[in-house]
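In the working numbering, the protein residues as written are 6 to 166.
Notes follow the structure.
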Amino acid sequence: MGQILEKFQGKKWKERQIRKITDKIFDHFKNETGKANMTFEELHIAVLLVYNDINKHIPGPHFDPPSKEQIKILMQESDINLDGELDREEFSKFVLRITQDTFVTVTRGLITTLAMAPTVALLTKKTTENVPGVGKAVQKLPNSVYAALVTLVIVMFQQRK
6 MGQILEKFQG KKWKERQIRK ITDKIFDHFK NETGKANMTF EELHIAVLLV YNDINKHIPG
66 PHFDPPSKEQ IKILMQESDI NLDGELDREE FSKFVLRITQ DTFVTVTRGL ITTLAMAPTV
126 ALLTKKTTEN VPGVGKAVQK LPNSVYAALV TLVIVMFQQR K
């Protein structure tokens, strides 16, 4: 439950998650090529890897990466020293820019889930009375515990998708 609540820390949580992903991918390219900067072709592959990680590790719908044209435009805007390549900091800021909408969608989905799931749980608690074996146990649970358990199961199910 602590991990779920950590996601409400907002911008700091988002930046930590993106930084983990960008550092891992940047180090992969640095070790593979031996260079400290990324070219456009490497950046395109890196964006695909970033979106692959986002789709694997962050709950919510599948997110499509930007097109090559969008990447080229954003690379030019993110290349502060105008050398045609992105260093680690430029790459991190680049990824933050291309993933802004992704995290807004995820946050909205989490807020909706965490607001709706307890309500649905409490509304359906009465219907479990007739379920053999389970009904009596569910009825003995306090409403707050039951709502928290149902919410936790729903969030875990969403993260598995």
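For glycine and all other residues, C-beta sits at the position ideal for the given N, C-alpha and C.
Taking the alpha-carbon of glutamine 75 as reference, which of Asp32, Leu87, Val52 and Ile85 has the nearest alpha-carbon? Val52
Here's a check: name, in chain order, each residue in its chain whose Cβ is nearer than 7 Å to the Cβ of aspartate 58, leaving out the five neighbours to either side. Ile26
C-alpha distance - lysine 73 paired with methionine 80, whole-angstrom precision: 10 Å
Assuming methionine 80 is part of the alpha helix (DSSP H), what are its boundary residues? 73-83
Which term fits lysine 12, buried or exposed, when burial requires 16 or more other beta carbons within 10 angstroms of its beta carbon? Any reading at lysine 12 must be qualified, since the residue scores a pLDDT of 48, below 50, and its modelled position is unreliable; the value itself is stated next. By the 10 Å Cβ count, lysine 12 comes out buried.
Please classify methionine 43 as buried or exposed, where buried requires at least 16 other C-beta atoms within 10 Å of its C-beta. buried
Determine the direct distance from the alpha carbon of tyrosine 151 to that of phenylalanine 96, and round the result to whole angstroms. 44 Å
Among all the DSSP beta bridges, which residues are the ones paired with leucine 91? Met43
Pop quiz: isoleucine 159 and alanine 120 are said to be a contact at Cβ under 8 Å. What is the actual Cβ separation, rounded to whole angstroms? Between alanine 120 and isoleucine 159 the Cβ distance is about 12 Å, and since that is not below 8 Å, they are no contact.
Just the Cα atoms here: how many angstroms apart are aspartate 32 and valine 155? 40 Å
Around the Cβ of phenylalanine 99, are there at least 16 other Cβ atoms within 10 angstroms (buried) or fewer (exposed)? buried
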